[in-house]
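Undergrad: Protein chains in written order, with my numbering: chain A, 5 to 212; chain B, 1128 to 1751.
Cβ coordinates follow ideal geometry from the N, Cα and C atoms, glycine included.
Here it is, the structure in full.
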Amino acid sequence: MTKNAREIIFIIDDDESVRRSLSLFLTASDYQVQPLASSEEYLAREAHEGTGCLILDVHLDGKSGLELQKELLNMNSHLPIVFITGQGNIPMSVNALKKGAVNFLEKPFSEDELLQSISEALALSQKLKTEKAEIEKCQILMDTLTPREKQILNLVITGMLNKQIAGELNIAEHTVKLHRHSICEKLGVKSVPEIIRISDKAGILLGK
Amino acid sequence: MRRIFFTVIFILFASPFPEKSYAQDNFKTVVVFFSLDVNLPAYHNFMDGFTGHYSETPVYPYNIIYEYIDINRYPHENDIESVINQYKEKYKSVNVDLLITFGPGTFSLLKKYGFDAKNNSTIVNIDIESNILSTTGDPLFDNENALHISIKTDYGKTLKTAFELFPEYREVYIISGSSPADRYFAELTKMACESFRDSHNFNFIQGKTLDSTLVSIREIPLTSIVFLTSFIEDVNGIPYSTSMVSRITSEQCDAPLFSLSDDFVEGKTIGGYVYSFIELGRQIERIVEELLKGRPLNKITVDENSFNKHMYDWQMLKKWDLLDSKVIPADSEFFNKDVNLLLEYRWYFLGAVLFLLTQTILILYLIRMNKKQKGVAKQRIENELLFRELAREDRLSRMSELTASLSHELNQPLTAILYNAQAGKRFTDAGKLDDKQAIEIFNNIIEDDKRAGSLISSVRSLMKLEERKKERVNLNNLILETENLFHSESVAKHIQISLKLQEHPVFVYGDKIQLQQVILNLLFNAANSMEMNSSGNKKIEILQQLDGGDVTVSICDSGSGFEDSLKETLFNSFVTSRAKGLGIGLAVSKTIIESHHGVIWAENLPEGGAEFSFKLPLFDDKKR
């Protein structure tokens, strides 16, 4: 089986032997791996555009795994995390999972556990990537609209009729109709629910 | 009949001075004639002053003989003549160097009845002023051989002092006897009273029997002062002694009682500015000495006013609460003063106390030593057991702290071994395992296994209790090994550990495991002391320094340091700032270091945090 060349598994553990053995194992399992010794090393490298996941040790010299997780969330990074630890505890794992970690593995974990977690993480990564691409597409579509069209779109998605929109904007109803037609053409849709779906993905808020 | 009586009296009085004693020795002889009787307090005071200087030395430079004419008891001229004739007979062949006459009319009577000592000796005459004045111009008395000293009183000041001591007391009662001398002193007092007429009301009690005198003072007002001038004789010619009268008076009325002279000493009077017969005696002593040394009579000076002094009875001042009175000058003479035993004999007390204390300490020490000796073997065994127990306890508590870390430490190589093996398996399954990869995987597994094994042996040796044999220990390696053991703990607590070790290995002679325990204890302490400072950097620095024949290992932290007050007790057992932990780590460390002939100490760092150091002698092959 061949893997997407842009799918990378980052192994972040300060224990060299663990790092080395995991990367050896995952290489043997046909994954592309990138072993790193610390959170700082990961943050220093160029952001990974493709899919993939992090195998992240909780206890690290310098910035801990949990701190890195928090930071990556703030940076809107989309790579799922599989935590590994030598001495985990329940509150710590719950906290990590709440924040979107795929799994929390205690050393020594079995290869099945690890591979299962990795495949879940990669699937999630793939899904997140697809979603992200769609959002980007919607945003691009939205950007094609003129300011007047955006204004009318905002009113359309609140469920207002053409007559009401004309009254609100103090323009002729016929003009509103022309704008709606243009919006539908640019977005490539035919119905109001479709307009709402694209607006939602593009992050346009309902109302004002 | 009467003559026989006088003779008996005379012998009784004279017998203490047998003729031989002063006839044969080279001492000069001074004879003092008193006109009144032996019980007169004024005479006693005079004699105290007169012999005061010599009373402390056993040998008198001159003999003093006291003679009494006792004109009070035997007032008839015939009796007086008879007494004086006896004295004439007695002193017929005695060489008298100096004659002193003291008392009303003594000088006159002796002259009148022709008493004359063997040599026409010098006479010092002391008498009341009027008697002396009456002899002036009389050729019989006014001769060159006589020095007349008059008793000059200052009753004005005497009264004034008393009135100042009792400023609220306005009623004054003055008691006097009826003899010529009594009347004379009473007159002087009366004259002195004149200047106080405006402020005080004077009542003179005179010309009465003692009984009626006492009756008349029994009912006096509360704010009254009583003066007793002198009471030698009552109106019926019955002789009394002034001190006796003053004692009785003080029993009969509760008023403050004053006298005019220092005969209060036995008389329950307060004292005051009085005529001092003691002072008179002291001055006479001086005069006698000068005269006997050959100083001519006309060169002798006497300040007759200097006999008036402030003198007080301490007990009476205490009774009337006058001890702090400003009226009483600091240089006053005090009698019947309280003897403060503790103050008087303080050195004896101190000495005795010290002696007893020394003895007690010595005895206690000996008892203790004895007990100690008996229990020393037992104690040693107990101490040894206790230390071992403590050391084991400490190790166990350390171990429980270590367990969590150790499981992590062990999980690392176990995980690594597992995934090396899994990787090898996968490569083989895929038929992609090349020799290079296989060797890498096997080497990794071997290394990880060794690591796990050494961790386990460290734990096992830490748990061991038995004394291990000392050996040559590479201190650098030991520090590195211990730091490794501590590694996961430091990671979990976000502690940065830096090492500054000597480039060349440093060897000491000791028990590797015990020394490792010391370093581990210090590392744990350092980590714990930094638990609180979550914001600041948590750093531990391990320094190894050479100093002559010693090596010092210091473990510095950036924690809270320790309280200065703990510095002395830090290495004692059960001293801890932590809620958990036994507080024996440092005590055990100290014992271990000391058993390695080293020292261990702690210091707070100026920039915060603490530095714990131990110093050990370097390994020296020649000494082993």
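(1) Using the Cα positions of D1152/B and T1316/B, report the straight-line distance between them to the nearest angstrom.
(2) Whole alpha helix (DSSP H) runs in the stretch 14–46 of chain A with 4 or more residues, listed along the chain?
(3) Report the three-state DSSP secondary structure of F113/A (helix, strand or coil).
(4) What separation, rounded to the nearest whole angstrom, lies between the Cα atoms of Q1213/B and L1387/B?
(5) Work out the CA separation of A1565/B and D18/A for me, nearest whole Å.
(6) Tell me which residues of the stretch 93–118 of chain A have at least one Cβ-Cβ distance to chain E shorter than 9 Å, keeping chain order.
(7) Kindly confirm or deny that the stretch 1405–1416 of chain B and the stretch 1161–1177 of chain B touch, where touching means at least three C-beta pairs closer than 8 Å.
(8) Are the stretch 1640–1649 of chain B and the stretch 1594–1610 of chain B in contact at 8 Å, needing three or more beta carbon pairs?
(9) Is D1224/B buried or exposed, if buried means 16 or more other CB atoms sit within 10 Å of its CB?
(10) Could you tell me the alpha carbon to alpha carbon distance between S1740/B and N1603/B, rounded to whole angstroms?
(11) Would you please verify whether the beta carbon of Y1546/B is less than 8 Å from any beta carbon of chain A?
(12) Looking only at its chain, what residues have a beta carbon closer than 6 Å to the beta carbon of P1632/B, apart from the 5 residues adjacent to it on each side?
(13) So who's on the other strand from I1667/B, going by DSSP bridges?
(14) What is the DSSP secondary structure of I199/A, counted as helix, strand or coil?
(15) Verify the CB distance criterion: does V37/A have a CB-CB separation below 8 Å to chain B?
(16) What residue range does the alpha helix (DSSP H) around C188/A cover?
(17) In terms of residues, what are the limits of the alpha helix (DSSP H) holding K1284/B?
(18) In the DSSP assignment, find the beta strand (DSSP E) that holds T1228/B and state where it starts and stops.
(19) In the DSSP assignment, the beta strand (DSSP E) including Y1400/B goes from what residue to what residue?
(20) Counting only beta-carbon separations shorter than 8 Å, does I1573/B have a partner in chain A?
(21) F1554/B touches chain A at which residues, Cβ-Cβ below 8 Å?
(22) Using the C-alpha atoms, what's the distance from S1351/B back to F1323/B?
(23) When you compare the CB positions of K67/A and G90/A, do they come within less than 8 Å of one another, or not?
(24) Just curious, the beta strand (DSSP E) that V79/A is in, first and last residue?
(25) I want to see whether chain A comes within less than 8 Å of A1654/B, judged by CB atoms only; does it?
(26) Can you give me the C-alpha to C-alpha distance between H1275/B and I1259/B, rounded to a whole angstrom?
(27) Is L145/A helix, strand or coil when you go by DSSP?
(28) Within the same chain, show all residues whose beta-carbon is closer than 6 Å to that of D1677/B, passing over the 5 residues directly before and after it, in chain order.
(29) In whole angstroms, what is the alpha-carbon distance linking G54/A and E11/A?
(30) Quick check on this structure: which residue in G56/A, E172/A, L145/A has the alpha carbon closest to the alpha carbon of S121/A?
(31) Distance cutoff 8 Å, beta carbons only. Does I26/A sit that close to anything in chain B?
(32) By the criterion of Cβ-Cβ separation under 7 Å, what are the contact partners of V22/A in chain B?
(33) Would you list the residues sitting across from K102/A in a DSSP beta bridge?
(34) Would DSSP call M1318/B helix, strand or coil?
TA: Short version:
(1) Numbered from its first residue, the second sequence carries residue 1152/B at position 25. Numbered from its first residue, the second sequence carries residue 1316/B at position 189. Bear in mind that a pLDDT of 49 at D1152/B, under 50, signals an unreliable position, so the model cannot answer this.
(2) List check, alpha helix (DSSP H) in window: 20–32.
(3) Counting from 1 along the first sequence, the entry for residue 113/A is found at position 109. In this structure, F113/A counts as coil in the three-state DSSP scheme.
(4) Position 86 of the second sequence, counting from 1, holds the residue named residue 1213/B. Position 260 of the second sequence, counting from 1, holds the residue named residue 1387/B. Q1213/B and L1387/B: Cα-Cα distance of roughly 34 Å.
(5) Translated into positions along the first sequence, residue 18/A becomes position 14. Translated into positions along the second sequence, residue 1565/B becomes position 438. If you take the alpha carbons of D18/A and A1565/B, they lie about 24 Å apart.
(6) Protein chains in the displayed structure are A and B, and chain E is not among them.
(7) As far as the Cβ criterion goes, the stretch 1405–1416 of chain B touches the stretch 1161–1177 of chain B, which means the pair count is three or higher.
(8) yes
(9) Within the second sequence, the letter at position 97 stands for residue 1224/B. With 16 or more Cβ atoms within 10 Å of its Cβ, D1224/B is classed as buried.
(10) Looking up residue 1740/B in the second sequence gives position 613. Looking up residue 1603/B in the second sequence gives position 476. Distance between the alpha carbons of S1740/B and N1603/B is about 15 Å.
(11) Here residue 1546/B corresponds to residue number 419 of the second sequence, with the count starting at 1. Chain A contact via Cβ: present.
(12) Against the second sequence, residue 1632/B aligns to sequence position 505. Cβ neighbours of P1632/B beyond the five flanking positions: N1601, N1603.
(13) Taking the first residue of the second sequence as 1, we reach residue 1667/B at position 540. Beta-bridge partners of I1667/B (DSSP): I1624/B, D1684/B.
(14) The sequence position of residue 199/A within the first sequence is 195, counting from 1. Helix at I199/A.
(15) Against the first sequence, residue 37/A aligns to sequence position 33. No, no contact with chain B.
(16) By one-based count along the first sequence, residue 188/A stands at place 184. Start and end: 177–191.
(17) Translated into the one-based positions of the second sequence, residue 1284/B becomes position 157. That run of the alpha helix (DSSP H) goes 1282–1292.
(18) Here residue 1228/B refers to the residue found at position 101 of the second sequence. Counting along the chain, the beta strand (DSSP E) containing T1228/B begins and ends at 1225–1229.
(19) As a first step, residue 1400/B is located in the second sequence; it is residue number 273 there, counting from the start. Counting along the chain, the beta strand (DSSP E) containing Y1400/B begins and ends at 1398–1402.
(20) To locate residue 1573/B, count along the second sequence from 1; it is residue 446. Not one chain A Cβ lies under 8 Å of I1573/B.
(21) Numbered from 1 along the second sequence, position 427 holds the residue referred to as residue 1554/B. Per Cβ cutoff of 8 Å: A32.
(22) Counting from 1 along the second sequence, the entry for residue 1323/B is found at position 196. Counting from 1 along the second sequence, the entry for residue 1351/B is found at position 224. Going by the C-alpha atoms only, they are around 15 Å apart.
(23) Mapped onto the first sequence, residue 67/A falls at position 63. Mapped onto the first sequence, residue 90/A falls at position 86. Their beta carbons are not under 8 Å apart, which means K67/A does not touch G90/A by this criterion.
(24) By 1-based counting over the first sequence, the position of residue 79/A is 75. Note that residue 79/A is Met in the sequence shown here, rather than Val. Unbroken run through M79/A: none, as it is neither H nor E.
(25) Taking the second sequence and counting its residues from 1, one reaches residue 1654/B at position 527. With 8 Å as the cut-off, A1654/B does not count as an interface residue toward chain A.
(26) The residue you call residue 1275/B lines up with position 148 of the second sequence. The residue you call residue 1259/B lines up with position 132 of the second sequence. If I take the Cα positions, the gap works out to 7 Å.
(27) Mapped onto the first sequence, residue 145/A falls at position 141. L145/A: helix per DSSP, three-state reduction.
(28) Here residue 1677/B corresponds to residue number 550 of the second sequence, with the count starting at 1. Here the set comprises K1742, P1744.
(29) For the purposes of this step, residue 54/A is taken as the residue at position 50 of the first sequence. For the purposes of this step, residue 11/A is taken as the residue at position 7 of the first sequence. One C-alpha to the other measures close to 6 Å.
(30) Here residue 121/A refers to the residue found at position 117 of the first sequence. Comparing alpha carbon positions, the residue from G56/A, E172/A, L145/A closest to S121/A is G56/A.
(31) For the purposes of this step, residue 26/A is taken as the residue at position 22 of the first sequence. For the sequence presented, residue 26/A should be read as Leu rather than Ile. With 8 Å as the cut-off, L26/A counts as an interface residue toward chain B.
(32) Within the first sequence, the letter at position 18 stands for residue 22/A. Contact annotation for V22/A against chain B: Q1539, T1542, A1543 [CB-CB distance below 7 Å, chain order].
(33) Counting from 1 along the first sequence, the entry for residue 102/A is found at position 98. Per DSSP, none; premise fails for K102/A.
(34) In the second sequence, counting from the first residue as 1, residue 1318/B sits at position 191. Note: M1318/B maps to helix in three-state DSSP.
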